[in-house]
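Asker:
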Amino acid sequence: MKQQFITALEENDLEGVRQVPKGDLHNHITRGGNKRYITAWCGTAIPECPTFTDLGEMNRWNARHIKPLLPGRSGYEKRIEAAFVQAKTDGVQLLHMSVTIGEEEWFDGSIAALIQTIQSIHRRFAPELHFVPELAFLTHTPIQATCEKLEQYLEHNYFKSLDIFGDELAVPGFKRVFRMAKDKGLILKAHVGEFGTSDLVKQAVEELELDQVQHGIAAADSPEIMNWLADHRIQLNVCPTSNLMLSRVASYSSHPIRKLYDYGVKVTLNSDDMIIFDQSVSDEFINLYQAGLFSAEELNTIRENALTDTNRKYS
Numbered sequence: 001m002k003q004q005f006i007t008a009l010e011e012n013d014l015e016g017v018r019q020v021p022k023g024d025l026h027n028h029i030t031r032g033g034n035k036r037y038i039t040a041w042c043g044t045a046i047p048e049c050p051t052f053t054d055l056g057e058m059n060r061w062n063a064r065h066i067k068p069l070l071p072g073r074s075g076y077e078k079r080i081e082a083a084f085v086q087a088k089t090d091g092v093q094l095l096h097m098s099v100t101i102g103e104e105e106w107f108d109g110s111i112a113a114l115i116q117t118i119q120s121i122h123r124r125f126a127p128e129l130h131f132v133p134e135l136a137f138l139t140h141t142p143i144q145a146t147c148e149k150l151e152q153y154l155e156h157n158y159f160k161s162l163d164i165f166g167d168e169l170a171v172p173g174f175k176r177v178f179r180m181a182k183d184k185g186l187i188l189k190a191h192v193g194e195f196g197t198s199d200l201v202k203q204a205v206e207e208l209e210l211d212q213v214q215h216g217i218a219a220a221d222s223p224e225i226m227n228w229l230a231d232h233r234i235q236l237n238v239c240p241t242s243n244l245m246l247s248r249v250a251s252y253s254s255h256p257i258r259k260l261y262d263y264g265v266k267v268t269l270n271s272d273d274m275i276i277f278d279q280s281v282s283d284e285f286i287n288l289y290q291a292g293l294f295s296a297e298e299l300n301t302i303r304e305n306a307l308t309d310t311n312r313k314y315s
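Have a look at this one:
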């Protein structure tokens, strides 16, 4: 597979890149679908997104241009379907996709019905794909309420990973929630270092005992923290186009993933919000190769990183 992948990159062969197994470890289940797949279902095209100044602007754009096309429970289920189909089409072999606490409301508050729906869609559309269900929550939710809801979710023994996103400054304060997830053997992640600082990345990893960081690119500002991440084998699940479209980086050619890689930090490439940014994992590999940021062989190492990550927790 290594040589097939390298050759496909060198020949700018997107279809060839898609045929090689890869991972997508940073993917939100309601935003993981292909725009064209959604368009074929609803009959209305989703426009190309602009460059955003922050997450709020992106979320407002999503609420205006995408959410109205996928209303109600049927729209929610179509989003999930589109995400699984997209991953399969892109050659994703290992998929971490997050469900946000609160989405059970589409199923009259039934967590069991939500899980059964995801399982059914997975079996119908991408049964060969190794799917790691991930649970996510927002930082603006009270810690006690989050703990109570997390306990209800964990009773089902379905979710294998936990993520948090929102106000990065608030992330380290959720130690109690992450302790509950750690006791259940979940993979621990957090969105941090996208808009925050390198110091905040280290603090979140230490306070929450994280296995992986979603984004984490601010760590590139500190050689000391990059060395610390490498020494502690903390993986960063990076999403280059997301960083570009949210004005976190100026270009693919200047993306800090290069610096992180050079310092020995384990990095992976991921899609984040495919339905908004319209760049698959395969596209991301080509983007970075065409920008001259990595050699094809280095990108193959990054591809393999995602497929060899924390295997002990996949069962």
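According to our numbering, the sequence shown is numbered sequentially starting from 1. Note that CB positions come from ideal geometry on N, CA and C, so glycine has one too. If you're wondering where the values come from, they're calculated on a predicted model, not measured in any experiment.
1) Report yes or no: do three or more beta-carbon pairs, one from the region 64-80 and one from the region 27-47, lie closer than 8 Å?
2) Which one or two residues does DSSP pair with Ala126 in a beta bridge?
3) Where does Asp183 fall in DSSP's three states?
4) Less than 8 Å between the CB atoms is what I'm expecting for Leu307 and Tyr252, so what's the real figure, rounded?
5) What's the gap between the Cα of Ile6 and the Cα of Glu206?
6) For Asn157, name the three-state secondary structure that DSSP assigns.
7) Return the bridge partner residues of Ser98 from the DSSP annotation.
8) Determine, using beta carbons only, whether Lys88 and Leu129 come nearer to each other than 8 Å.
9) Could you tell me whether the Cβ atoms of Ser198 and Arg18 are closer together than 8 Å?
10) Please report the distance separating the alpha-carbon of Cys147 from that of Gly185.
11) Return the CA-CA distance between Lys175 and Leu208, expressed in angstroms with no decimal places.
12) How is Arg36 classed by DSSP in three states: helix, strand or coil?
13) Whole angstroms is fine: what's the gap from Gly91's alpha carbon to Met180's?
14) In chain order, what residues of the same chain have a beta carbon less than 8 Å from the beta carbon of Leu288, not counting five sequence neighbours either side?
15) Leaving aside the five residues before and after Leu55 along the sequence, list all residues of the same chain whose C-beta is less than 6 Å from its C-beta, in chain order.
16) Helix or strand or just coil, what does DSSP make of Thr146?
17) Find the nearest neighbour of Gly358 within the set Arg123, Ala145 and Leu229, judged by alpha-carbon distance.
18) Opposite Asp167 in the DSSP bridges: which residues?
19) Who are the Cβ neighbours of Ser242 in its own chain at under 7 Å, not counting the five residues just before and after it?
20) Tell me the residue span of the beta strand (DSSP E) that contains His215.
21) First and last residue of the alpha helix (DSSP H) that includes Thr268?
22) Closest to Pro142 by C-alpha separation, out of Ile164, Glu194, Gly196 and Leu154, would be which residue?
23) Pull up the DSSP beta-bridge partners for Lys22, would you.
24) For Arg303, which of Glu11, Leu25, Glu224 and Asn12 has the nearest alpha-carbon?
25) Our contact map puts Ala236 next to Val265 with C-beta atoms below 8 Å; I'd like the distance itself, whole angstroms only.
26) With a cut-off of 8 Å on the beta carbons, I'd call Leu246 and Phe107 a contact; round off their distance for me.
27) What separation, rounded to the nearest whole angstrom, lies between the Cα atoms of Leu138 and Gly32?
28) Can you pull the DSSP bridge partners for Pro191?
29) Answer yes or no: do Ile111 and Tyr153 have a C-beta to C-beta separation smaller than 8 Å?
30) Helix, strand or coil for Gln279 per DSSP?
31) Do the CB positions of Ala220 and Leu260 come within less than 8 Å of each other?
32) Looking at the structure shown, is Val249 part of a helix, part of a strand, or coil, going by DSSP?
33) Nearest-angstrom Cα distance between Asn305 and Tyr263?
Answerer: In this structure, then:
1) yes
2) Numbered from its first residue, the sequence shown carries residue 126 at position 126. Answer by DSSP bridge pairing: none, since Ala126 is not bridged.
3) Here residue 183 is taken as the residue at index 183 of the sequence shown, counted from 1. For Asp183, the three-state secondary structure derived from DSSP is helix.
4) Taking the first residue of the sequence shown as 1, we reach residue 307 at position 307. Taking the first residue of the sequence shown as 1, we reach residue 252 at position 252. Going by Cβ atoms, the distance from Leu307 to Tyr252 rounds to 23 Å, so no, they are not a contact pair.
5) Position 6 of the sequence shown, counting from 1, holds the residue named residue 6. Position 206 of the sequence shown, counting from 1, holds the residue named residue 206. Near 36 Å, if we compare the C-alpha coordinates of Glu206 and Ile6.
6) Position 157 of the sequence shown holds residue 157. In the structure shown, Asn157 sits in coil (DSSP, three-state: anything other than H, G, I, E or B).
7) Here residue 98 corresponds to residue number 98 of the sequence shown, with the count starting at 1. Paired residue(s): His28 and Glu134.
8) Position 88 of the sequence shown, counted from the first residue, corresponds to residue 88. Position 129 of the sequence shown, counted from the first residue, corresponds to residue 129. Cβ distance < 8 Å, so Lys88 and Leu129 count as in contact.
9) For the purposes of this step, residue 198 is taken as residue 198 along the sequence shown, with counting starting at 1. For the purposes of this step, residue 18 is taken as residue 18 along the sequence shown, with counting starting at 1. For Ser198 and Arg18, no; Cβs fall outside 8 Å.
10) Against the sequence shown, residue 147 aligns to sequence position 147. Against the sequence shown, residue 185 aligns to sequence position 185. Rounded to whole angstroms, the separation of the alpha carbons of Gly185 and Cys147 is 16 Å.
11) Here the question's residue 175 lines up with position 175 in the sequence shown. Here the question's residue 208 lines up with position 208 in the sequence shown. In a straight line, the C-alpha of Lys175 is about 5 Å away from that of Leu208.
12) Taking the first residue of the sequence shown as position 1, residue 36 is located at position 36. Looking at Arg36 - three-state DSSP - the assignment turns out to be helix.
13) Within the sequence shown, the letter at position 91 stands for residue 91. Within the sequence shown, the letter at position 180 stands for residue 180. Taking the CA atoms as reference points, Gly91 sits about 33 Å from Met180.
14) Residue numbering aside, residue 288 sits at position 288 when the sequence shown is read from its first letter. Excluding positions up to five away in sequence, the list reads Pro240, Tyr252, His255, Ile257, Leu269, Phe294 and Leu299.
15) As a first step, residue 55 is located in the sequence shown; it is residue number 55 there, counting from the start. Hits under 6 Å: none found.
16) Along the sequence shown, one-based indexing puts residue 146 at 146. Looking at Thr146 - three-state DSSP - the assignment turns out to be helix.
17) Since the first residue of the chain shown is 1 and the last is 315, residue 358 is not available in this structure.
18) As a position in the sequence shown, residue 167 is number 167, starting the count at 1. Beta-bridge annotation (DSSP): Asp167 is not paired with any residue.
19) Within the sequence shown, residue 242 is the residue found at index 242, counting from 1. Only Asp272, Asp273 and Phe277 meet the Cβ criterion.
20) As a first step, residue 215 must be located in the sequence shown, where it is residue number 215. First-last of the beta strand (DSSP E) with His215: Gln212 to His215.
21) Mapped onto the sequence shown, residue 268 falls at position 268. It is not in any alpha helix (DSSP H) - Thr268 instead sits in the beta strand (DSSP E) that spans Val267 to Leu269.
22) Along the sequence shown, one-based indexing puts residue 142 at 142. For Pro142, the nearest C-alpha among the options comes from Ile164.
23) To locate residue 22, count along the sequence shown from 1; it is residue 22. According to DSSP, which records beta bridges pairwise, Lys22 is partnered with Val92.
24) Here residue 303 corresponds to residue number 303 of the sequence shown, with the count starting at 1. Ranking Glu11, Leu25, Glu224 and Asn12 by Cα distance to Arg303 puts Leu25 first.
25) Taking the first residue of the sequence shown as 1, we reach residue 236 at position 236. Taking the first residue of the sequence shown as 1, we reach residue 265 at position 265. The sequence given here has Leu at residue 236, not Ala. About 6 Å separates the two Cβ atoms, so the contact holds.
26) Position 246 of the sequence shown, counted from the start, is the residue given in the question as residue 246. Position 107 of the sequence shown, counted from the start, is the residue given in the question as residue 107. So it is not a contact: roughly 31 Å between Cβ atoms.
27) Numbered from its first residue, the sequence shown carries residue 138 at position 138. Numbered from its first residue, the sequence shown carries residue 32 at position 32. Rounded to the nearest angstrom, the two C-alpha atoms are 18 Å apart.
28) Within the sequence shown, residue 191 is the residue found at index 191, counting from 1. Before going further, note that residue 191 is His rather than Pro in the sequence given. DSSP output for His191 lists Gln214 as bridge partner(s).
29) What you label residue 111 is simply residue 111 of the sequence shown in a count that begins at 1. What you label residue 153 is simply residue 153 of the sequence shown in a count that begins at 1. Yes, Cβ-Cβ distance for Ile111 and Tyr153 is below 8 Å.
30) Position 279 of the sequence shown, counted from the start, is the residue given in the question as residue 279. Reduced to three states, the DSSP call for Gln279 is coil.
31) For this step, residue 220 is matched to residue 220 along the sequence shown. For this step, residue 260 is matched to residue 260 along the sequence shown. Yes, the pair counts as a contact, with Cβ atoms nearer than the cut-off.
32) One-based indexing of the sequence shown puts residue 249 at position 249. Of the three classes helix, strand and coil, the one that applies to Val249 here is coil, per DSSP.
33) For this step, residue 305 is matched to residue 305 along the sequence shown. For this step, residue 263 is matched to residue 263 along the sequence shown. Straight-line Cα distance between these residues: approximately 15 Å.
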